[in-house]
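J.: Counting in the working numbering, the sequence shown runs from 61 upward without gaps.
Below are the structure tokens for one structure; questions will follow.
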Amino acid sequence: MTGKVQGVWYRRATQEKALQHSITGYAKNLPDGRVEVLMCGHSDAVKLLSEWLWQGSEGAQVTHVELEVLDNCRASSHFVTQ
């Protein structure tokens with residue numbers, strides 16, 4: 061995610077949404093100001109969270125979301141912020 065996505069609780073809000081939809085993975089800040097999210101779960105749940113990423117947390121201003129579909133998604137058994 062690109063835009064104002066760091067320092068606005070974006071990762072924490074993403075984690076909360078992911079847990080609501082039984083999605084595992086992570087959200088982490090990147091050095092260039094973007095946030096990277098890995099989502100593993102049922103395709104309908106991942107689609108819902110993918111759409112929500114454009115909104116994000118209160119205070120976030122998302123300008124770009126880039127999605128990449130992975131055939132084999134491997135994540136921990138929960139959703140973490142890094």
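Beta carbons are placed, not taken as given, at the ideal position from N, Cα and C, and that holds for glycine.
For clarity, every value in this text was computed on a predicted model and none was experimentally measured.
Hey, is the segment 63-73 in contact with the segment 94-107, meaning 3+ C-beta pairs nearer than 8 Å?
T.: Segments in contact, yes.
J.: Rank Gln115, Ser137 and His138 by C-alpha distance to the C-alpha of Thr62 and give the top, closest one.
T.: Comparing Cα positions, the closest option is Gln115.
J.: Starting from Val95, trace the beta strand (DSSP E) in both directions and tell me its first and last residue.
T.: Per DSSP, Val95 belongs to the beta strand (DSSP E) from Val95 to Cys100.
J.: Please state whether DSSP places Val106 in a helix, a strand or coil.
T.: Here Val106 sits in helix by DSSP.
J.: Going by CA-CA distance only, name the one from Tyr70, Gly85, His124 and Leu108 that's closest to Ser136.
T.: Cα-wise, what sits closest to Ser136 is Gly85.
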